[in-house]
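With full-length UniProt numbering as the guide, the letters of the sequence shown map in order to residues 1 to 232.
What follows is a single structure, written as structure tokens, with notes after it.
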Amino acid sequence: MKLQNSYLADFLSLLFPQLCPACGNDLVAHEKIICTDCLYNLPQTNFHLHADNIVARQFWGKINLETAYALYYFTKGGKVQNLMHHFKYNGMQQIGNLLGNIAGSQLNKNEKFAGVDYIIPVPLHKSRLKERGYNQSACFAHGLAEKLPAVVEENNLVRTKATQTQTHRSRFARFENMQEVFVVNNPERLKDKHVLLVDDIVTTGSTLEACAIPLLNIPGLKLSIATIAYAE
Numbered sequence: 001m002k003l004q005n006s007y008l009a010d011f012l013s014l015l016f017p018q019l020c021p022a023c024g025n026d027l028v029a030h031e032k033i034i035c036t037d038c039l040y041n042l043p044q045t046n047f048h049l050h051a052d053n054i055v056a057r058q059f060w061g062k063i064n065l066e067t068a069y070a071l072y073y074f075t076k077g078g079k080v081q082n083l084m085h086h087f088k089y090n091g092m093q094q095i096g097n098l099l100g101n102i103a104g105s106q107l108n109k110n111e112k113f114a115g116v117d118y119i120i121p122v123p124l125h126k127s128r129l130k131e132r133g134y135n136q137s138a139c140f141a142h143g144l145a146e147k148l149p150a151v152v153e154e155n156n157l158v159r160t161k162a163t164q165t166q167t168h169r170s171r172f173a174r175f176e177n178m179q180e181v182f183v184v185n186n187p188e189r190l191k192d193k194h195v196l197l198v199d200d201i202v203t204t205g206s207t208l209e210a211c212a213i214p215l216l217n218i219p220g221l222k223l224s225i226a227t228i229a230y231a232e
């Protein structure tokens, strides 16, 4: 029976081939979501090994962080961009969970990240969530939580305004666009806790900074940041 099922799976893959969202090549037997070559060769940052990394430095003098991290480097036209496009716009939520697992396995070996209590995804406005059907940052957060001893807190930090796209805006314009966009519904729950704020991509850091401001007003809260990719 197992052999028959294997033949059936091979036959179906010929009719309806599954493609790697990063490189576009066919997935072969036992490969799931992303091909083996991409899993091993996507440009990892290894920022979890260096407290003084590019992402952390972006927030120096702006917000008080414990540590910061991104899993991959994002380059225009590269495989990570392909991956993120399928994740955000083609409904491939499973990509976020997989990348969360990969990132969580790295962060679980880091003392600072291992002490996280709650994982909070950057929220979407309800209109954008309805349009897309899911929050890509939440998918990543749940993948992280499978590898970290932490709880995903989705509905505490909320976005109160639907902002315009940040693409092609300057850093200052991005920051202005995000002012007073986020609020915390239940700050008492996060008091004296270590929170990991997560997003899909960090560029200027304006969105993460805007999220961090109300969180850091909570007494005793410690904040760290993790993203799937870093784009220069």
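Backbone N, C-alpha and C fix where the C-beta goes; we use that ideal spot for every residue, glycine too.
(message) Helix, strand or coil for L215? Go by DSSP, reduced to three states.
(response) To locate residue 215, count along the sequence shown from 1; it is residue 215. If DSSP states are grouped into helix, strand and coil, L215 belongs with the helices.
(request) List the whole-angstrom C-beta distance separating V55 from V195, where the pair is believed to meet the contact cut-off of C-beta under 8 Å. (result) By one-based count along the sequence shown, residue 55 stands at place 55. By one-based count along the sequence shown, residue 195 stands at place 195. No, V55 and V195 are not in contact; Cβ-Cβ is about 16 Å, not under 8 Å.
(message) The beta strand (DSSP E) that contains L221, what's its start and end?
(response) Taking the sequence shown and counting its residues from 1, one reaches residue 221 at position 221. Taken as a continuous stretch (DSSP letters only), L221 belongs to no beta strand (DSSP E), as it is neither H nor E.
(message) Assuming the contact rule is C-beta atoms closer than 8 Å, M92 and A229 should be a hit. Round their C-beta distance to whole Å, please.
(response) Here residue 92 refers to the residue found at position 92 of the sequence shown. Here residue 229 refers to the residue found at position 229 of the sequence shown. About 15 Å separates the two Cβ atoms, so there is no contact after all.
(request) In angstroms with no decimal places, state the Cα-to-Cα distance between S206 and R159. (result) Locating residue 206 in the sequence shown gives position 206, counting from the first residue. Locating residue 159 in the sequence shown gives position 159, counting from the first residue. Their Cα atoms are separated by approximately 14 Å.
(request) Using DSSP bridges, identify the partner residues of P121. (result) Counting from one through the sequence shown, the residue named residue 121 turns up at place 121. Within the DSSP secondary-structure output, P121 pairs in a beta bridge with V198.
(request) Starting from the N-terminal side, write out each stretch of the beta strand (DSSP E) that is 3 residues or longer and does not extend beyond the stretch 20 to 102. (result) 68 to 74
(message) Does K222 pass the burial test, meaning 16 or more other C-beta atoms within 10 Å, or should it be called exposed?
(response) As a position in the sequence shown, residue 222 is number 222, starting the count at 1. It counts as buried.
(request) Output the distance between the C-alpha atoms of R57 and E146, rounded to the nearest integer angstrom. (result) Counting from 1 along the sequence shown, the entry for residue 57 is found at position 57. Counting from 1 along the sequence shown, the entry for residue 146 is found at position 146. Going from the Cα of R57 to the Cα of E146 covers about 28 Å.
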